[in-house]
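Engineer:
Residue numbers (my numbering), protein chains in the order written: chain A, 1 to 293; chain B, 1001 to 1137.
1) Comparing C-alpha positions only, which one of 47/A, 204/A, 67/A, 279/A sits nearest to residue 134/A?
2) Any beta carbon of chain A sitting closer than 8 Å to that of residue 1079/B?
3) I'd like to know whether the C-beta of residue 287/A is nearer than 8 Å to at least one C-beta of chain B.
4) Between the C-alpha atoms of residue 187/A and residue 11/A, what's the straight-line distance to the nearest angstrom?
5) Ordered along the chain, which non-local residues of its own chain (more than five positions away) have a Cβ less than 7 Å from that of residue 27/A?
6) Which complete beta strand (DSSP E) runs does the region 62-119 of chain A hold, if anything under 3 residues is left out?
7) Compare the beta carbon distance of residue 213/A and residue 171/A with 8 Å and say whether it is the shorter of the two.
8) Is residue 255/A a contact residue of the ligand ATP, with contact defined as CB to any heavy atom under 7 Å?
9) For my contact list, residue 53/A and residue 90/A are in at a C-beta cut-off of 8 Å; report their separation, rounded to the angstrom.
10) Note down, in chain order, all residues in the region 259-271 of chain A with a beta-carbon under 8 Å from any beta-carbon belonging to chain B.
11) Could you tell me which uninterrupted beta strand (DSSP E) segments, each at least 3 residues in length, are contained entirely in the region 236-269 of chain A, listed from first to last along the chain?
12) Is the beta carbon of residue 1093/B closer than 8 Å to that of residue 23/A?
13) Residues of chain B with CB under 8 Å from residue 5/A, in chain order?
14) Within 8 Å of any Cβ in chain E, is that where the Cβ of residue 1136/B sits?
15) From the DSSP output, in three-state form, read off residue 1072/B for me.
16) What span of residues does the beta strand (DSSP E) with residue 36/A cover, start to end?
17) In whole angstroms, give me the CA-to-CA distance for residue 201/A and residue 278/A.
18) Against chain B, does residue 294/A count as a neighbour if the rule is that its beta carbon must be under 8 Å from one of theirs?
19) Taking DSSP as the reference, what is the three-state secondary structure of residue 124/A?
20) Verify the CB distance criterion: does residue 1045/B have a CB-CB separation below 8 Å to chain A?
21) Are there three or more Cβ pairs, one per stretch, closer than 8 Å when the region 214-221 of chain A is compared with the region 247-267 of chain A?
22) Short of 6 Å in beta carbon distance, which residues of its chain neighbour residue 1043/B, apart from the five on each side in sequence? Order them along the chain.
23) Indicate the three-state DSSP secondary structure (helix, strand or coil) for residue 292/A in the structure shown.
24) To which residues of the same chain is residue 1055/B closer than 6 Å at the C-beta, ignoring the five residues directly before and after it?
25) So, with DSSP's three-state summary, where would you put residue 1091/B?
26) Using beta carbons (cut-off 8 Å, strictly below), is residue 1058/B in contact with chain A?
27) Can you tell me where the alpha helix (DSSP H) holding residue 190/A begins and where it ends?
28) Run down chain A in chain order and give the residues with a C-beta less than 7 Å from the C-beta of residue 1124/B.
29) Please list, in chain order, the chain B residues whose beta carbon lies closer than 8 Å to that of residue 279/A.
30) Check each residue of the region 43-64 of chain A: if its Cβ is closer than 7 Å to any Cβ of chain B, include it; give the result in chain order.
31) Any idea what DSSP makes of residue 997/B, helix, strand or coil?
32) Report back the beta-carbon spacing between residue 249/A and residue 8/A to the nearest angstrom; my notes put them in contact at under 8 Å.
33) Which two residues bound the contiguous beta strand (DSSP E) that contains residue 1113/B?
34) Which first and last residues belong to the beta strand (DSSP E) in which residue 204/A is found?
35) If residue 319/A sits next to residue 21/A, beta carbons under 8 Å apart, how far is it from one beta carbon to the other, in whole angstroms?
36) Between residue 76/A and residue 46/A, is the Cβ-Cβ spacing less than 8 Å?
Written as structure tokens, this is what we have:
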């Protein structure tokens, strides 16, 4: 079936945070590249899509066939798009996927953030061939990859995606306040040591994934100051991944206030929570993983 | 400038030695000395586990291959390595480690990776050899 490559181009939440304190993990907002041969899926267009675009241009491929999928359209997931070099290249075919029932909402929002009040180049002036596409509600085939989605708890809603190639499965699960799905969240907050059981459809969506890129923005301690902000406690994500038999969990969507050292404290706590049931690491810019399908 | 030369240069710290009477002097502080030393250090891999190959691998913008083959830039004579196992290159935007489709893989801080941008004090395992990456300056 070939190899599936996953590369992290932006791992930060909310707003780009360049600087000394975030050097190791990176300050660019959400952007993941999933590649099989010439098929490139781009999950979210945060500021990380700019270096991805520079890299794509440098690869020397004559005709780029790119597929953009958006977990949702909050600012940190679309803000990089106007700075994506392939969007200006007439040899690029840019497929913009949206939930079929959304009626081209993503396309309209990408276009809307490029009116002249915000940006000097309008969407209609882009050189690429831009094609709005609708994701089927069950499984969608894209360039030999099978893509599924699942609605998540987040202000305004968001979608998780799973991408499968042969026996390989990668799940992208960001901006997902899983704690809202707990039967008794208040009890769980008071007793963080107890197991957190998530709904069966979430467990099945992740079932046996080789890699989950999972929102782990908050600690058990600081979550209580961010109830309803749309992000989970990292240990809730850990419990879900362990229950689903996930092999690797990349903790993602790092808090913009979190320095590398604070992030590593959180990762150490999450690793202890996983207790060897999976491999846990912090998503960081420039990291590329390979899975054989 | 070597560390010894720098140490010599700054050994007169707090004295007038080496300066003409009317020559203006600048305040010399340990941090400045430390910065001078760090500027002379290139990015490098320091071997911390295993007993084959060089103890230090200096990195540059020229790509460096590591492997078992005598054709590799850095030869590690170990059965756990592929003939051409990994490549390391210190670009302007960071030092990039890439697995060259090796049999036993390349590990960054214990995680098997295809490629990664290295940061100070990352560990890199290639076969049975473990290196500590030092960014230099």
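C-beta atoms are modelled at their ideal positions from N, C-alpha and C, and glycine is treated no differently.
Structural biologist: Result, derived from the coordinates:
1) For the options 47/A, 204/A, 67/A, 279/A, the alpha carbon positioned closest to that of residue 134/A is the one of 67/A.
2) The Cβ of residue 1079/B sits no closer than 8 Å to any Cβ of chain A.
3) Yes, its Cβ sits closer than 8 Å to a Cβ of chain B.
4) About 31 Å.
5) 12, 16, 17, 18, 19, listed in sequence order.
6) Runs of the beta strand (DSSP E) lying entirely within the region 62-119 of chain A, each at least 3 residues long, are 64-69, 92-99 in chain order.
7) Yes; because the gap between Cβ atoms is below 8 Å, this pair is in contact.
8) The model depicted lacks the ligand ATP and carries no ligand whatsoever.
9) In this structure residue 53/A is not in contact with residue 90/A, their Cβ atoms being roughly 15 Å apart against a cut-off of 8 Å.
10) Close to chain B, meaning a Cβ-Cβ distance shorter than 8 Å, is no residue of the region 259-271 of chain A at all.
11) Within the region 236-269 of chain A, the complete beta strand (DSSP E) runs of at least 3 residues are 248-252.
12) No, the Cβ-Cβ distance between residue 23/A and residue 1093/B is not below 8 Å.
13) By Cβ distance, chain B contributes 1114.
14) Among the protein chains of the structure shown, namely A and B, there is no chain E.
15) Collapsing the DSSP output to three states places residue 1072/B in coil.
16) Its beta strand (DSSP E) spans residues 31-36.
17) About 20 Å.
18) The structure shown does not extend to residue 294/A, since chain A is modelled only from 1 through 293, so no value can be given for it.
19) Correct three-state label for residue 124/A: helix.
20) For residue 1045/B, the answer is no, since every Cβ of chain A falls outside 8 Å of its Cβ.
21) Result yes; three or more Cβ-Cβ pairs closer than 8 Å.
22) Here residue 1043/B has 1059, 1090, 1095, 1135, 1136 as same chain residues with Cβ atoms under 6 Å from its own Cβ, once five neighbours each way along the sequence are excluded.
23) DSSP places residue 292/A in the strand class (E or B) of the three-state scheme.
24) Setting aside the 5 residues that flank it on each side, residue 1055/B is surrounded in the same chain by 1047, each with a C-beta closer than 6 Å to its C-beta; the list follows chain order.
25) DSSP places residue 1091/B in strand when its eight states are reduced to three.
26) Residue 1058/B does not count as touching chain A.
27) Residue range 185-190 is occupied by the alpha helix (DSSP H) that includes residue 190/A.
28) Result: empty, since nearest Cβ-Cβ is about 13 Å, beyond 7 Å.
29) Ordered by position in chain B, the residues that pass the 8 Å Cβ test against residue 279/A are 1111.
30) Within the region 43-64 of chain A, no residue qualifies.
31) This structure cannot settle anything about residue 997/B, because the visible part of chain B is limited to 1001 through 1137.
32) Contact doesn't hold; Cβ gap of about 14 Å is too wide.
33) Counting along the chain, the beta strand (DSSP E) containing residue 1113/B begins and ends at 1111-1113.
34) In this chain, residue 204/A is not harboured by any beta strand (DSSP E); it is covered by the alpha helix (DSSP H) spanning 200-206.
35) For residue 319/A there is no data in the structure shown, the boundaries of chain A being 1 and 293.
36) Yes, the pair counts as a contact, with Cβ atoms nearer than the cut-off.
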